[in-house]
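This report concerns only the one structure given below.
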Amino acid sequence: MAERQPTPAAPPRTQAEALDRLMRPASIAVVGASPAPGSVGNTMLANVLKAGFGGACWAVNPKYEEIDGVASYPSLADLPAVPDAVLVGLGRERVVPAIEACAELGVPAAVVVAGGFGEADEHGRALERRLREVARGAGMALIGPNCQGTIHTHHRSACYLDTIPRPLERGAVALISESGTVTTALTNNTRGVAFSAIVSSGNEAVTDSADLLAWCVDDPATRIVLAFLETIRSPERFFAACDRAREVGKPVVVLKVGRSDAARAAATAHTGALAPPDRLVDARFRRHGVVRVDTLEQLLETAVALGGAAPFGPGVCVVTLSGGQSELILDAAAARPGLELPPLSPQTVAQLEALLPPEGHASNPLDLWGVADFGADYERALELVAADPAIDTLLACTETPSVHATGDRSFSAAVVEAVERVATRTGKGVALMTTLSGNVDDALQRRLAAQRLPLLSGVEQALAAVACASAFTASRAERREPLVPPPAPARDAAAAALGPGATSGLPALELLAAAGVPVVETACVRDVGAAVEAARRCGYPVVLKTGDPDVAHKTEQGGVVVGLRDDDGVRAAAARLLAAGGPRAQVLVQRQASGGAEAIVGLHRDAQLGAFVVLGLGGIWTELLDDAVMRPLPLRPREAAEMIAELRGSAVFAGARGAPPLDTAALAAAVEAVAALGVAHPRIAALDVNPLFVLPDGVLAVDALVETAAAQEAAA
Numbered sequence: 049m050a051e052r053q054p055t056p057a058a059p060p061r062t063q064a065e066a067l068d069r070l071m072r073p074a075s076i077a078v079v080g081a082s083p084a085p086g087s088v089g090n091t092m093l094a095n096v097l098k099a100g101f102g103g104a105c106w107a108v109n110p111k112y113e114e115i116d117g118v119a120s121y122p123s124l125a126d127l128p129a130v131p132d133a134v135l136v137g138l139g140r141e142r143v144v145p146a147i148e149a150c151a152e153l154g155v156p157a158a159v160v161v162a163g164g165f166g167e168a169d170e171h172g173r174a175l176e177r178r179l180r181e182v183a184r185g186a187g188m189a190l191i192g193p194n195c196q197g198t199i200h201t202h203h204r205s206a207c208y209l210d211t212i213p214r215p216l217e218r219g220a221v222a223l224i225s226e227s228g229t230v231t232t233a234l235t236n237n238t239r240g241v242a243f244s245a246i247v248s249s250g251n252e253a254v255t256d257s258a259d260l261l262a263w264c265v266d267d268p269a270t271r272i273v274l275a276f277l278e279t280i281r282s283p284e285r286f287f288a289a290c291d292r293a294r295e296v297g298k299p300v301v302v303l304k305v306g307r308s309d310a311a312r313a314a315a316t317a318h319t320g321a322l323a324p325p326d327r328l329v330d331a332r333f334r335r336h337g338v339v340r341v342d343t344l345e346q347l348l349e350t351a352v353a354l355g356g357a358a359p360f361g362p363g364v365c366v367v368t369l370s371g372g373q374s375e376l377i378l379d380a381a382a383a384r385p386g387l388e389l390p391p392l393s394p395q396t397v398a399q400l401e402a403l404l405p406p407e408g409h410a411s412n413p414l415d416l417w418g419v420a421d422f423g424a425d426y427e428r429a430l431e432l433v434a435a436d437p438a439i440d441t442l443l444a445c446t447e448t449p450s451v452h453a454t455g456d457r458s459f460s461a462a463v464v465e466a467v468e469r470v471a472t473r474t475g476k477g478v479a480l481m482t483t484l485s486g487n488v489d490d491a492l493q494r495r496l497a498a499q500r501l502p503l504l505s506g507v508e509q510a511l512a513a514v515a516c517a518s519a520f521t522a523s524r525a526e527r528r529e530p531l532v533p534p535p536a537p538a539r540d541a542a543a544a545a546l547g548p549g550a551t552s553g554l555p556a557l558e559l560l561a562a563a564g565v566p567v568v569e570t571a572c573v574r575d576v577g578a579a580v581e582a583a584r585r586c587g588y589p590v591v592l593k594t595g596d597p598d599v600a601h602k603t604e605q606g607g608v609v610v611g612l613r614d615d616d617g618v619r620a621a622a623a624r625l626l627a628a629g630g631p632r633a634q635v636l637v638q639r640q641a642s643g644g645a646e647a648i649v650g651l652h653r654d655a656q657l658g659a660f661v662v663l664g665l666g667g668i669w670t671e672l673l674d675d676a677v678m679r680p681l682p683l684r685p686r687e688a689a690e691m692i693a694e695l696r697g698s699a700v701f702a703g704a705r706g707a708p709p710l711d712t713a714a715l716a717a718a719v720e721a722v723a724a725l726g727v728a729h730p731r732i733a734a735l736d737v738n739p740l741f742v743l744p745d746g747v748l749a750v751d752a753l754v755e756t757a758a759a760q761e762a763a764a
């Protein structure tokens, strides 16, 4: 056998090159191939053949010289050449030696389908660490372990575990899934979503979703990327690939599981409680143009919507043939953020009412039942709606001909044909929508797909998909220039003076003031007499607080006394606070802020997802309503104002019950100043400005808490 030993290949220079050899291989070797029907080794070998692979295929099993017409070799070293891709169909105890053999030969890429690794037990985790070490040392791409594998329909390559009965239909949608069963469910969908590439990535010991997404962005056969993710192992690389996908116009649609409160992490600062991991994921997705969906059905339906010839926008008009349909649509649209059913222009209304029967009304949704000449009038109405400047997306509600219980296909056929013609004459997004989810005729679906005319299934699913598709359109138009933090020597000096751990009180307020956030007049005193003098200078009423910067939450420890209106009250309160603090105790004296509304502004730095600025309603509403929004750093122009508008309780800033409107411009400036602190000083791990009083004229911070990275490391 020595004369047949392949010459070791030089490892590819990058993970992308290695991954490309896996997805578009010239040769595939199946280690553990078997003639036993139904076995893993037999299924995987059969998949390579059934996919229609045109390259070299070899089996590796020392027991056989041939398996199902494929030459079999005792070992990888005995193959006629180094394969581009190795599909390992062995149990977990034999996987590491197989990957070591791949590395020795210079195999560019491998798929490990076996389970029992990092997801199983300590021994499995040790095996997975060895896999990672070997593969990375050799520059290999490695999919798995604990996965289904890979398929590229255009290349007809399948390094895949689950049964492939026939070559899969070539499509333009790539799928990345960390779950094998989810991969199977999506691959076998009946919604007409055909795939360019399918990757079941499993444990992602080496090649992860960031690598796969980057490859999909470069794949010329892929126009849309779908992903089912349990975690994002390489966030910075993943979101860099998302940015590149948006730039080239390839939507990335993600179903990210893990929204439950069980993922919420406790933190000293309130902003930690307001920023659980899933909210941070939402904020990063939004920043990088990722479309997030909630269900597998939405994932597929959004892929259908995004497959249209023209982009969808948020201004939607739905054309129906029923008042009942219209009411369903209105209810569903009201529950769908980011979707509008705008009123039609007066000119469009006048032209439509000339077509409608006397009892008809030109509204949105538009009910065209009862028009005199259905064939001509329906198409004319579609044209008028598509021409309306307020409308970005035209949806025609219908039932597919094959599902009519009465057998009457005339109206449905006429609707479909009219929509097909109008879609070719407008540059706006156009789609057909069935009333009931699942009622989709396969032949019609294929006919429309060939024209890139989406057929959406069910009112709620369709409107959700349109909202998702329009969100991607909007993300491509967003300004992406970050706000540049202004140089601030005083701010930087104040930050440098912060010691390790959590700091509150005067040092934290001084940092805010240096950053440009207005703070309440504050004096730090060490005796009762000085407290009275400071109170007189501030002007009554005043607030006294413990001045110990190591006390994070003063109220919970009885360290705050409010509403002091005279010298006697200050003397009593100061004496109590100083006595409780020991011989080096100090007290803060502040003029009592009043009026307006309270907000909380802060920073939260996540070890994986990076730094975020957080804005919420302050005071008791922080915990009771959990009303907060956040953005990744650095902020972009106008994002602070957008954050204010997104708060569920933002109406309090507009003035309530005759109160004057509050200064949201000053609040936005404070948010930007705190964000600038986070950009300029990575050692600030968390910051709370709580409360920040928002007044009719300006804002005023009365307390703050700063945590350095050292504090978080100690807590961990």
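The number in our numbering is simply the position in the sequence shown, starting from 1, with 48 added.
Glycine included, C-beta positions come from ideal geometry on N, C-alpha and C.
Model, not experiment: these values are computed from the prediction.
Cross-strand partners of residue i (DSSP beta bridge)
i    : result
G197 : Y208, S248
A752 : V737
Q765 : As displayed, the chain neither begins before 49 nor continues past 764, which places residue 765 out of reach and without an answer.
A676 : G664
G650 : V662, D736
K304 : L277
R218 : F243
L190 : A158
A550 : E755
S225 : S248, F276
V78  : A107, L135
R340 : V302
A628 : Looking at the DSSP assignment, A628 forms no beta bridge with any residue, so it has no partner.
V747 : V742
Sub-7 Å separation of residue i and residue j beta-carbons
i    : j    : result
L480 : A444 : yes
V134 : C150 : yes
P193 : N109 : no
F286 : A258 : yes
V722 : T551 : no
L511 : C572 : no
T482 : E431 : no
L45  : D425 : Because the chain here runs from 49 to 764, residue 45 falls outside it and cannot be looked at.
R335 : P680 : yes
G164 : R140 : yes
G363 : I439 : yes
Anticipated Cβ contact below 8 Å, residue i with residue j, distance rounded
i    : j    : result
L179 : V160 : 7 Å
V301 : L347 : 6 Å
R332 : L657 : 6 Å
P709 : G644 : The pair is not a contact, with the Cβ atoms about 10 Å apart (cut-off 8 Å).
V567 : L715 : Incorrect: roughly 15 Å between the Cβ atoms, too far for contact.
T594 : L625 : 5 Å
V265 : A293 : 5 Å
A757 : R731 : 5 Å
V768 : V580 : Past the boundaries of the shown model lies residue 768; the chain is included only from 49 to 764, so the question cannot be answered.
A647 : G629 : Not quite, the Cβ-Cβ distance comes to about 29 Å (not below 8 Å), so this is no contact.
T368 : D415 : 5 Å
A717 : D736 : A717 to D736, Cβ: 18 Å. No contact.
Any non-hydrogen atom of the ligand SAM within 6 Å of residue i CB
i    : result
S225 : By its list of ligands, the structure shown contains no ligand whatsoever, and the ligand SAM lies outside what it can speak to.
Check your understanding: Which ranges does the beta strand (DSSP E) cover as unbroken runs of at least 3 residues, wholly within the region 563-609, from first to last along the chain?
Key -> 570-573, 590-594
Exercise for review: Write down every uninterrupted run of the alpha helix (DSSP H) in the region 94-163 whose length is 4 residues or greater and which is fully enclosed by it, in chain order.
Suggested key: 140-153
Exercise for review: Determine contact between the region 526-543 and the region 683-691, defined as no fewer than three beta-carbon pairs at a distance below 8 Å.
Suggested key: yes
Check your understanding: Between the region 469-484 and the region 396-414, do three or more beta carbon pairs fall short of 8 Å?
Key -> no
Exercise for review: Ignoring anything shorter than 4 residues or poking outside the region 343-416, list the alpha helix (DSSP H) runs there in chain order.
Suggested key: 344-354, 371-382, 394-401
Review point. For the 8 Å Cβ check, are there 3 or more pairs between the region 376-388 and the region 250-265?
Key: no
Practice item. Report yes or no: do three or more beta-carbon pairs, one from the region 395-402 and one from the region 517-527, lie closer than 8 Å? Key: no
Review point. Counting pairs of beta carbons, one from the region 537-545 and one from the region 488-502, are three or more of them closer than 8 Å?
Key: no
Review point. For the region 98-118 against the region 227-236, are there 3 or more C-beta pairs whose distance is under 8 Å?
Key: no
Review point. Which full runs of the beta strand (DSSP E) of 3+ residues lie inside the region 440-522, going along the chain?
Key: 441-446, 477-482, 503-505
Exercise for review: Would you check if there are 3 or more beta carbon pairs closer than 8 Å linking the region 108-123 to the region 73-87?
Suggested key: yes
**Study point:** Sufficient close CB pairs (3 or more, under 8 Å) joining the region 115-128 to the region 138-150
**Key:** yes
Review point. Is the number of C-beta pairs between the region 197-209 and the region 459-466 that are closer than 8 Å three or more?
Key: no
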